[in-house]
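> In this note's numbering, the protein residues as written are 7 to 331. Even glycine gets a Cβ: it sits at the ideal position worked out from N, Cα and C.
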Ligand SMILES: C[S@@+](CC[C@H](N)C(=O)[O-])C[C@H]1O[C@@H](n2cnc3c(N)ncnc32)[C@H](O)[C@@H]1O
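#1: Please state if the CB of residue 305 and the CB of residue 282 are separated by a distance shorter than 9 Å.
#2: Assuming residue 4 and residue 59 make a contact with CB atoms under 8 Å, what is their CB distance in whole Å?
#3: How about residue 72 and residue 103: do their beta carbons lie closer than 9 Å?
#4: Check for me: the beta strand (DSSP E) holding residue 297 runs from which residue to which?
#5: Which residue wins for smallest C-alpha separation from residue 256, given the options 270, 301, 286?
#6: For residue 52 and residue 43, what's the separation of their Cα atoms in angstroms?
#7: Would you list the residues sitting across from residue 200 in a DSSP beta bridge?
#8: Apply the 10 Å Cβ neighbour rule to residue 192 and answer buried if 16 or more other Cβ atoms are within range, or exposed otherwise.
#9: Can you look up residue 243 in the DSSP assignment and give me helix, strand or coil?
#10: For residue 65, which three-state DSSP category applies?
#11: May I ask whether a heavy atom of ligand 1 can be found less than 8 Å away from the beta carbon of residue 28?
#12: Roughly how many angstroms separate the alpha carbons of residue 185 and residue 22, rounded to a whole number?
#13: Label residue 276 either buried or exposed according to how many other C-beta atoms from any shown protein chain fall within 10 Å of its C-beta, with 16 as the threshold for buried.
#14: Along the chain, which unbroken stretches of the alpha helix (DSSP H) at least 4 residues long are found entirely within the segment 31–97?
#15: For residue 325, collect the residues of the same chain with a Cβ closer than 8 Å to its Cβ; drop the 5 residues on either side in sequence, then sort them by chain order.
#16: Going by DSSP, what residue range makes up the alpha helix (DSSP H) through residue 324?
#17: Just list the residues that DSSP pairs residue 121 with in beta bridges.
#18: What's the C-alpha gap between residue 313 and residue 16?
#19: Taking C-alpha atoms, which residue in 279, 105, 117, 327 lies nearest to residue 208?
#20: On the CB-based measure, 16 or more other CB atoms within 10 Å of its CB, does residue 269 come out buried or exposed?
#21: Does the Cβ of residue 187 have 16 or more other Cβ atoms within 10 Å, making it buried, or fewer, making it exposed?
#22: Measure the C-alpha to C-alpha separation of residue 307 and residue 178 and round it to an integer number of angstroms.
#23: Looking at residue 295: is its Cβ nearer than 9 Å to the Cβ of residue 260?
#24: In whole angstroms, give me the CA-to-CA distance for residue 189 and residue 80.
#25: What does residue 305 pair with, by DSSP beta-bridge criteria?
#26: Could you check which residue in 90, 107, 9 has the C-alpha nearest to that of residue 46?
#27: Determine, using beta carbons only, whether residue 122 and residue 76 come nearer to each other than 9 Å.
#28: Please report the distance separating the alpha-carbon of residue 11 from that of residue 18.
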C-alpha cells in the first residue's frame, strides 16, 4: 500500500469513529470550541492551534482541514468580512466537515466556510472539478488536456497557479511589513522555478506567515504564508551608505526562525553599516555611534566590513532548490 492510500484509509476510519491513536493533546480556546458540534470536537486529529494568527477580515486557507474544527474556529475569528477555505483529499473527512456547514452558517450568521477536495502537494488542481470533468469525458484523449483546462478555468490557488518556467527565478525586494503586504500576492502569482524575496535593507520586522493582500476574487484581505510552493528563498541584509539605518538583530533572527520553521532557505547577506551583535563594553567606551533600541539591544556603527555577516555566531548561506521546475 502506498503512503497516500494508507493516509486516506486511516483518516476515513477517523471520520467514521473516534480514533484515539490519531489524537494529539492540543489546548484550544474553549470559547471557540463552544460553538462547534460535539462530533467535530470529538473527532479531533489536529496537532496544533493556529487560531492566534487569524484576524478579522482574513481569508484563511486550512490545508488538511479534516473534520473542519480549525475552519469553524477560524470562521468565528475572521468575522462577517472574512472567508475560510478548508482543503482535504479525504472524501469522508470532507463529508464530516460539510455535514455541519448549514448548522454552523446559522450559528455564525452567514456562509463563510467552504470545503474543497484537493491534494496539498498540488494545490493548483481542484480535484472535485477534475473528477466531474473526467466523468463527463468519454474519450481518453481529453484526459491529458483536462488538467490544464481545470487549473486554468476553476483554480484560483495562488502558489502553482500556472505552469512555471523552469529556468526563471523571480524575486521582489521589500523593507518592512507594509512592503510585504503590497508585493507578496504579485510575487506568489508569478510563474517561476524559484520565487524569492530580498529583504534588504531591512527597516522593520517582517512576518512572512501573515503578510496580507487583497483577494481579487472577493475584495477581501487575507494571509499569505510560507506555504510549501510559496516562497523558495529569503535573503536578508542591513543598510549601507552614509545615511544607513540600523537593523534590529531580532528582525533578522525572527526572519531566520520563520524560514527554518518552514524549511525555506535563508541567506543572511550582511549587517550593513551597523553591527547588530551587541555591546561588549559600556556604550561610552566606543568611538563609533551607538544605537540604543531601548529593549536591551544595541547596534554599533562600525562600518560594513567590520559588521560582517554573522548572525548568532554563524554564516547563513542557504540556497534554494528549483521547486517548481
Ligand atoms: C491531522 S488531520 C488535521 C485535521 C484538522 N486540521 C484538525 O485540526 O482537526 C490531517 C488531515 O489532512 C488530510 N491530508 C493529509 N495529507 C493530505 C494531502 N496530501 N492532501 C490533502 N489532504 C491531506 C487528511 O485527510 C486529514 O483529514
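Once the coordinates are examined:
#1: For residue 282 and residue 305, yes; Cβs fall inside 9 Å.
#2: Residue 4 lies beyond the residue range present for the chain, which begins at 7 and ends at 331; the question has no answer from this structure.
#3: In contact: residue 72 and residue 103 (Cβ atoms closer than 9 Å).
#4: In the DSSP annotation of this structure, the continuous segment of the beta strand (DSSP E) that includes residue 297 starts and ends at 296–298.
#5: For residue 256, the closest alpha carbon among the candidates 270, 301, 286 is that of 301.
#6: Take the alpha-carbon of residue 52 and the one of residue 43: they are about 16 Å apart.
#7: According to DSSP, residue 200 bridges with 175.
#8: By the neighbour-count rule (16 or more Cβ atoms within 10 Å), residue 192 is not buried but exposed.
#9: Strand, per DSSP.
#10: Strand.
#11: Answer for residue 28: yes, Cβ within range of ligand 1.
#12: The alpha-carbon atoms of residue 185 and residue 22 are separated by roughly 46 Å.
#13: Here residue 276 is buried, its C-beta having at least 16 other C-beta atoms within 10 Å.
#14: Runs found: 36–39, 44–48, 75–84.
#15: Counting only residues of its own chain and dropping the five nearest sequence neighbours on each side, residue 325 has a CB closer than 8 Å to the CB of 239, 271, 273.
#16: Looking at the DSSP string, residue 324 is not in any alpha helix (DSSP H), and its letter there is neither H nor E.
#17: Per DSSP, 92.
#18: For the pair residue 313 and residue 16, the Cα-to-Cα distance works out to about 53 Å.
#19: Out of 279, 105, 117, 327, 279 has the C-alpha closest to the C-alpha of residue 208.
#20: Exposed.
#21: Counting the other CB atoms within 10 Å of its CB gives residue 187 a total of 16 or more, which places it among the buried residues.
#22: In a straight line, the C-alpha of residue 307 is about 28 Å away from that of residue 178.
#23: In this structure, residue 260 does not lie closer than 9 Å to residue 295 by Cβ.
#24: So the alpha carbons of these two residues sit roughly 25 Å apart.
#25: According to DSSP, residue 305 bridges with 297.
#26: Minimum Cα-Cα distance from residue 46 among the listed residues 90, 107, 9 corresponds to 107.
#27: Contact: no.
#28: Their Cα atoms are separated by approximately 10 Å.
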